[in-house]
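Asker: For reference, the structure I am asking about is given below.
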Amino acid sequence: MGYKELLNTNKMPYLDTDRFTHMKDDILSERYYSNYIDYKLVPNIEELAKDIDYIKEEQINYPHKYIMFNFPENYYPDLEIKEYLEKEGFKFSRHIIFTNQFSNLKLSQKDIGSITIEELHASDFSDYLDLKYQQSLVYGEDFAKQMLVYNRMHLPEKGSRIYVAKDGEKLVGDVTAWEYGEYIEIDDFSLIEDYRGKGIGSALQRTAAQYFKKLILVSEEENRDMYEHQGYQEAAYYWNALKSDNPSFSEN
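Written as structure tokens, this is what we have:
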């Protein structure tokens with residue numbers, strides 16, 4: 001099993017074919033990472049054209065029009081595919097899958113003072129929802145509202161745990177940890193800007209991973225230096241192609 005396949009084991013596909021897996025969630029119509037095609041096999045141009053038409057029809061009632069494709073693990077899009085999709089308005093980005101043994105990571109050992117790290121409690125849930133809403137606004141108000149409704153109904157999701165950093169009663173950071181056998185995935189990590197660079201992010205990761213030997217996470221290329229500095233090593237990668245008419249066009 002590849003790393004990308006491992007990270008999909010907690011997800012329920014809308015459609016699973018020999019060529020691809022289609023993830024779709026009408027409730028989260030604004031969230032790209034809930035509505036996309038994940039290719040098992042590299043498509044040809046004819047197949048890409050059909051898949052574009054298929055997604056357009058499937059998402060015809062979505063407020064914003066977008067299409068997202070994830071290509072197979074460790075496949076670099078050839079020139080023909082890249083030129084075709086770019087002419088169709090797609091933008092490409094490279095996503096890196098990092099892993100390492102927990103014992104090998106070089107996480108900051110800074111004293112975080114009065115900041116506490118703990119698993120999310122019911123008493124903090126309302127404040128947590130507000131924190132996530134504020135974080136989601138960067139992708140647009142429609143997206144933030146959808147995520148607020150979804151988070152209120154579904155969090156924490158099966159197979160995951162949420163950890164928060166608190167300064168007194170104020171939530172200043174959070175991370176979601178997904179369990180995949182011997183791996184723990186560090187996901188949806190965030191920290192309020194004034195609290196960055198103080199070792200709090202490392203403390204969140206240590207707490208989330210304390211019962212697991214191996215960590216895994218997915219990041220865009222621009223964050224490579226930060227994660228390699230912490231001791232993470234590239235294990236695999238995959239390319240993503242996204243086309244969107246959303247004025248706040250950014251991956252969400």
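Going by our numbering, 41 is the number at position 41 of the sequence shown; the sequence numbering is gapless.
From the three backbone atoms N, C-alpha and C, an ideal C-beta is built for every residue, glycine too.
Just the Cα atoms here: how many angstroms apart are Gln-210 and Gln-101?
Answerer: Rounded to whole angstroms, Gln-210 to Gln-101 spans 11 Å at the Cα level.
Asker: Tell me the rounded alpha-carbon separation between Thr-17 and Glu-5.
Answerer: The alpha-carbon atoms of Thr-17 and Glu-5 are separated by roughly 14 Å.
Asker: Alpha carbon to alpha carbon, how far is Asp-111 from Tyr-39?
Answerer: Distance between the alpha carbons of Asp-111 and Tyr-39: 44 Å.
Asker: Alpha carbon to alpha carbon, how far is Gln-109 from Glu-62? Give it in angstroms, no decimals.
Answerer: Per the sequence shown, residue 62 should be read as Tyr rather than Glu. Their backbone Cα atoms lie some 46 Å apart in a straight line.
Asker: Going by the DSSP bridge assignment, what does Ile-96 pair with across the sheet?
Answerer: Beta-bridge pairing links Ile-96 to Ser-219 and Tyr-237.
Asker: With a CB to CB cut of under 6 Å and the five nearest residues on each side skipped, what residues in its chain are close to Ile-45?
Answerer: Counting only Cβ-Cβ distances below 6 Å, and skipping sequence neighbours, we find Tyr-84.
Asker: Is the number of C-beta pairs between the stretch 180-193 and the stretch 56-70 that are closer than 8 Å three or more?
Answerer: Because the criterion of three Cβ pairs below 8 Å is not met, the stretch 180-193 and the stretch 56-70 do not touch.
Asker: Under 8 Å between the Cβ atoms of Leu-148 and Leu-129?
Answerer: A contact, by the Cβ cut-off of 8 Å.
Asker: Would Lys-87 and Glu-58 qualify as a contact pair, given that the criterion is a beta-carbon distance under 8 Å?
Answerer: No, these two residues do not count as a Cβ contact at 8 Å.
Asker: Less than 8 Å between the beta carbons of Glu-141 and Gly-159, yes or no?
Answerer: No, the Cβ-Cβ distance between Glu-141 and Gly-159 is not below 8 Å.
Asker: Please state whether the Cβ-Cβ distance between Phe-212 and Arg-31 is less than 8 Å.
Answerer: Cβ atoms of Phe-212 and Arg-31: not closer than 8 Å.
Asker: From the DSSP secondary-structure annotation, give me the bridge partner or partners of Gln-210.
Answerer: Paired residue(s): none; Gln-210 is not in a bridge.
Asker: If you run the structure through DSSP and keep just helix, strand and coil, what is Gly-231?
Answerer: If DSSP states are grouped into helix, strand and coil, Gly-231 belongs with coil.
Asker: Hey, how far is the Cα of Tyr-195 from the Cα of Val-172?
Answerer: When rounded, the distance between both Cα atoms is 7 Å.
Asker: Please go through the stretch 15-97 and give each complete alpha helix (DSSP H) segment of 4 or more residues, from N-terminal end onward.
Answerer: List check, alpha helix (DSSP H) in window: 45-58 and 79-87.
Asker: Measure the beta-carbon distance from Lys-132 to Tyr-183 and round it to whole angstroms, keeping in mind my assumption that it falls under 8 Å.
Answerer: Going by Cβ atoms, the distance from Lys-132 to Tyr-183 rounds to 24 Å, so no, they are not a contact pair.
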